[in-house]
Amino acid sequence: MAENRSLWIAIAVLVLLAGILAWAFLSSGPMRLIVLFDEIGGLKKDAPVVWRDFTIGKVVDIQPLVDNQFGVTIELREDYASKITRGSEFYLKPAPLLGIFDQDVVEVVTPQSPLAPFTNGEKVRGKRYPASLFPEQARRWSQEYLRELTDQAGRLIEAFRDSPYRKDAEEVLRQLKEIGERGAALAKDQLEDFRRAHEKDLERIRKKLEQIRDEMRKRGDDGGAEKVEKEIGKMK
Numbered sequence: 704m705a706e707n708r709s710l711w712i713a714i715a716v717l718v719l720l721a722g723i724l725a726w727a728f729l730s731s732g733p734m735r736l737i738v739l740f741d742e743i744g745g746l747k748k749d750a751p752v753v754w755r756d757f758t759i760g761k762v763v764d765i766q767p768l769v770d771n772q773f774g775v776t777i778e779l780r781e782d783y784a785s786k787i788t789r790g791s792e793f794y795l796k797p798a799p800l801l802g803i804f805d806q807d808v809v810e811v812v813t814p815q816s817p818l819a820p821f822t823n824g825e826k827v828r829g830k831r832y833p834a835s836l837f838p839e840q841a842r843r844w845s846q847e848y849l850r851e852l853t854d855q856a857g858r859l860i861e862a863f864r865d866s867p868y869r870k871d872a873e874e875v876l877r878q879l880k881e882i883g884e885r886g887a888a889l890a891k892d893q894l895e896d897f898r899r900a901h902e903k904d905l906e907r908i909r910k911k912l913e914q915i916r917d918e919m920r921k922r923g924d925d926g927g928a929e930k931v932e933k934e935i936g937k938m939k
């Protein structure tokens, strides 16, 4: 009798250990979630999944579903999976023209206080990148503003024509001109998507011009620095 009881206890312990090991195995490694989007734009397989400007995973599959939806399977790296908890929001973000990524990405915004973890394979709702994240910028983007960017690029290119800083400025001014020209040609209802894609690009251009302005001042070219400063002020 005692032997039978010991045997059953041993079996129970083995089953428990097997369950713990199975749970540990299944809960480790990359986490996969299925993000449901109403539209996917230019999103493609292997597109990055980003969180706070870190690449934390990738898109591994895209499947059309019923009701004109798409199931986008994302795989999160093991070292980041635990940080993406319930309450997180998943956004389809258009590719920036000049940024780090040259394709659409899935961006994750996590809650201020972490909640319960997701289960592997869970379905979550995705959204388009919201204009509300940039209310001030959204108000000031217009065709007139974008046309002014093109004019600014032209004026600065002319100002740098005989300057030793011409090569430093040439590329960012070409980029600035391209953003202005492309945006000014869009219909008003297309401007919001364009703004979402290029706001950070414009900020990078401003910072590059500020670096050139500071270098000009260090070398005593106060007149040239003043011209650059004037145009930077119009971009804000």
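Start counting the sequence shown at 704; every next residue gets the next number (this note's numbering).
Even for Gly, the Cβ is constructed at its ideal location relative to N, Cα and C.
Per-residue burial, residue i [other beta carbons within 10 Å of its own, 16 or more giving buried]
| i | result |
| --- | --- |
| ARG916 | buried |
| VAL762 | buried |
| PRO797 | buried |
| ALA872 | buried |
| PRO751 | buried |
| LEU876 | buried |
Alpha carbon of residue i to alpha carbon of residue j, nearest angstrom
| i | j | result |
| --- | --- | --- |
| GLU874 | ARG907 | 12 Å |
| ILE743 | GLU913 | 36 Å |
| GLU932 | ASN823 | 52 Å |
| GLU934 | LEU879 | 12 Å |
| ILE737 | GLU902 | 29 Å |
| PRO776 | SER785 | It is worth fixing the name first, because residue 776 is Thr in this sequence and not Pro. Going from the Cα of THR776 to the Cα of SER785 covers about 17 Å. |
| THR758 | VAL811 | 10 Å |
| PRO867 | LEU852 | 23 Å |
| GLU792 | TYR783 | 15 Å |
| ARG965 | ALA819 | Nothing about residue 965 can be reported from this structure: the residues present for the chain run from 704 to 939 only. |
Beta carbon of residue i nearer than 8 Å to that of residue j
| i | j | result |
| --- | --- | --- |
| ASP645 | GLN772 | Only positions 704 to 939 of the chain appear in the structure, and residue 645 is not among them; the question remains open. |
| ASP764 | LYS748 | yes |
| ALA862 | GLY927 | yes |
Proximity test, Cβ basis, 8 Å: residue i and chain D
| i | result |
| --- | --- |
| PRO733 | Judged by its chain identifiers, the structure shown contains no chain D, having just a single protein chain. |
Residue from the options whose Cα sits closest to the Cα of residue i
| i | options | result |
| --- | --- | --- |
| THR788 | ARG858, LYS826 and VAL775 | LYS826 |
| LEU739 | TYR868, TYR794 and ASP924 | TYR794 |
| GLY760 | ALA928, LEU779 and GLU861 | LEU779 |
| ARG755 | ILE765, LEU746 and GLN815 | GLN815 |
| ALA735 | ARG885, GLY774, THR813 and ARG864 | Just to set this straight, residue 735 is Arg in the shown sequence, not Ala. The residue with the shortest Cα to Cα distance from ARG735 is GLY774. |
| PRO817 | LYS830, VAL809, ARG831 and GLY790 | GLY790 |
For this session: At 3 residues or longer, and completely inside the stretch 776 to 829: list those beta strand (DSSP E) runs for me, N to C.
Result: 792 to 796 and 808 to 812
For this session: Please list the segments of the alpha helix (DSSP H) lying wholly inside the stretch 730 to 763, counting only runs of 4 or more residues, in order along the chain.
Result: none
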